[in-house]
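A short write-up of the structure that comes next.
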Amino acid sequence: MSSILPGVATSSPPIPDIIVGFNEEAVADAGIAALASCSELFVHGDQLVTIVTNVTFVPDADVGVTIPGVLPAFRIERLPVPRLRELLSRSARWLVPKSDDPTEHVVSRVPQWVVSGIAARRNWLGLRPLTGLVTTPVLRPDGTILATPGYDPATGLYLAPHANHRRVPENPTRADARAAVETLFEVVTHVPFATSADRAAWLAMVLTPLARFAVGPATPLCIIEDAMWSQWSEEVITDLAAIVSAAPPAAIDADGLLPSPRRLFDALRANGEPVARITNGSARSAIIWRRIYESLQRTRATSGVVCFATVTRPVRDVELARMALTTRCDGRHGDVPLLGDAPRAHLLTAALVILRAYQVAGCPDMQMPRWPGFERWSQVVRAAVVWSGLPDPVMAFATVPVTTNATDATIADLVAGWSELVRDFPGGCSARQALDGLSRAPKATYPRLRAAVAVFAPGPLDDRGTADRLGRCLRRYCNAQHEGQALVLAGSGNQGNRWTVRSAAPSASES
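In my numbering, each number is its position in the sequence shown, counted from 1, plus 207.
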């Protein structure tokens, strides 16, 4: 464990004397006051923590500057109780009364009950609060740039850079911001964005991790939509993370997000990770993504981390569109977008210039439609993109065909997914047979039917209750249509009702 951190002075004032008396609370309060001089001690949430060396990080050669040696990486760790005792002994001189003369005192070791009492508290008044660990300069809530390594009292952030970074101008202009936009767009010239709004949405995704502490926990889920899946969508996220952190994005499996996402994101925040890529979810329905996002927001798990995901089908759910920032390609996959020789430090500075220039200009009102729940993000990131001369990035999903509610999207999943499954059941299949088929098939198959079952009939696939719920759902949506196909009753027997999908009869207006 390293006790010397970058940007922290090693000198310390004279230590106080603490007399150990019968008022244990007062003695513990005096110990906490003495700990305020410890440069390595912080309060993070309801824990005493310290920042320690994690691993040796060797940055890429394209950071754009000469690096004098290797910069270490750091992480936030809970302070071990033995280390707390050491810091208490270093921060004060502990005195106990003599047994034969209570008016005289002798130097003593730190009493164990003092250590235990301080460690058990959840509030340590006077110790420095630690909001988070960051590895690159970021935008502060007051519109300035945090660029000095070490602890920042104004925000509670600790900057432990993975690489040396270029200085961001103190007062960039609108012309500087527009030049920075062009610099960033140079690295995605081969990306086949569907519209100019989609390109603006990509830029907003670049800016969001750098403004995450200025925005707060309400940041949108960033979705890369690639209906004809290719390496393009994965590389967009990888390159974007490299711009804002000089490292690949952290990966989190989508299956681990619904039950308990907080622990996963606690580990990311401890390492100062700005970006998380949600994997194993590209073919999931829009409503499942909405449930994942609601779970993250409900637990406030993603505070300090921006989530990215790839979907291989249109985001048709209007409710998800209200929670996600989406950028799309038009299916013409060109060359895979690689940063190549572009200096990452130069690109990072360009992104920060855009954010800072808008703040210097006084944050003029860009007259954008309100995005409920993301007002602060719109004021900091979205408005900066529009002010720089680009379309509104939130309008990227405005041209996506959406249904009127989330249930309609799931009905479409049910009809389309059932049509895939019944190819092996010429006479139709029952709810029980469908669930058995999903159990036997690889998890990557029948994504749409699995998504519909997860919504309409949640539960273990081999459970009778799940089959009953699915059966009721099939009866409820009998004759439901999607893209010219209808869910119909094929027959009944000992195994219950059998369902299939057939071409829908034309409506009266079509005949």
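Beta carbons are placed, not taken as given, at the ideal position from N, Cα and C, and that holds for glycine.
Reduced DSSP secondary structure (H/G/I, E/B, other) of residue i
i       : result
Arg-577 : coil
His-689 : strand
Trp-331 : coil
Cys-636 : strand
Phe-229 : coil
Arg-381 : helix
Phe-264 : Caution applies to Phe-264, whose pLDDT of 43 falls short of 50 and renders its modelled position unreliable; the model cannot decide the point.
Thr-652 : coil
Gly-324 : helix
His-397 : coil
Ile-283 : strand
His-312 : strand
Asp-236 : helix
Ala-483 : strand
Asp-762 : Lying outside 208 to 718, the shown extent of the chain, residue 762 is not represented and no answer is given.
Val-660 : helix
Val-259 : strand
Val-422 : helix
Val-513 : strand
Met-530 : coil
Val-587 : helix
Pro-289 : helix
Leu-668 : coil
Ser-403 : helix
Ala-448 : helix
Assigned exposure category for residue i - 16 Cβ within 10 Å defines buried
i       : result
Gln-702 : exposed
Ser-710 : exposed
Leu-332 : exposed
Asp-620 : buried
Cys-685 : exposed
Pro-336 : exposed
His-689 : buried
Ala-327 : exposed
Phe-229 : exposed
Arg-630 : exposed
Ser-626 : buried
Asp-267 : Model confidence at Asp-267 stands at a pLDDT of 44, short of 50, so the residue's coordinates are unreliable; what they give is reported in the following sentence. Exposed: under 16 other Cβ atoms inside 10 Å.
Glu-432 : buried
Arg-679 : exposed
Trp-320 : exposed
Arg-647 : exposed
Thr-673 : buried
Ile-719 : Only positions 208 to 718 of the chain appear in this structure, which leaves residue 719 out of reach.
Val-270 : Its pLDDT being 38, under 50, Val-270 is placed unreliably in this model, and the coordinates cannot settle the point.
Bridge partner(s) assigned by DSSP for residue i
i       : result
His-251 : Gln-254
Thr-432 : Here residue 432 turns out to be Glu, not Thr, going by the sequence shown. DSSP, once it has assigned bridges, lists Val-518 and Arg-535 as partnering Glu-432.
Gly-678 : The partner list for Gly-678 (beta bridge, DSSP) is empty, contrary to what the question assumes.
Leu-364 : Gly-339 and Asp-359
Arg-709 : Ala-693
Asn-704 : Ser-699
Arg-300 : Asp-224
Ile-352 : Leu-346
Val-567 : Paired residues: none, contrary to the question.
C-beta atoms of residue i and residue j nearer than 7 Å
i       : j       : result
Pro-598 : Ala-384 : no
Leu-475 : Ala-457 : yes
Leu-346 : Leu-562 : yes
Ser-315 : Cys-245 : no
Ile-325 : Ala-237 : no
Gly-725 : Trp-706 : As displayed, the chain neither begins before 208 nor continues past 718, which places residue 725 out of reach and without an answer.
Arg-292 : Val-322 : yes
Ile-618 : Val-518 : no
Leu-417 : Val-451 : yes
Leu-645 : Ala-664 : no
Arg-583 : Val-422 : yes
Ser-510 : Pro-424 : yes
Asp-460 : Asn-478 : no
Ala-552 : Arg-373 : yes
Ile-765 : Arg-290 : Because the chain here runs from 208 to 718, residue 765 falls outside it and cannot be looked at.
Leu-696 : Asn-704 : yes
Neighbour flag for residue i against chain C, beta carbons, 7 Å
i       : result
Ser-306 : Included in the structure is just one protein chain, with no chain C present.
Nearest-angstrom Cβ-Cβ length linking residue i and residue j, presumed shorter than 8 Å
i       : j       : result
Pro-399 : Leu-532 : Actually they do not touch by this definition, with Cβ atoms about 19 Å apart.
Thr-415 : Val-513 : 5 Å
Val-375 : Val-592 : Not confirmed; about 18 Å, so no contact.
Arg-282 : Val-259 : 6 Å
Val-482 : Phe-515 : 6 Å
Ala-280 : His-369 : 6 Å
Val-622 : Ala-687 : 6 Å
Thr-351 : Phe-420 : Their Cβ separation, rounded to whole angstroms, is 12 Å, which puts Thr-351 and Phe-420 out of contact at 8 Å.
Ala-356 : Leu-340 : The question names Ala, but residue 356 in the sequence shown is Pro. Wrong, their Cβ atoms sit about 12 Å apart, outside the cutoff.
Val-388 : Leu-410 : 7 Å
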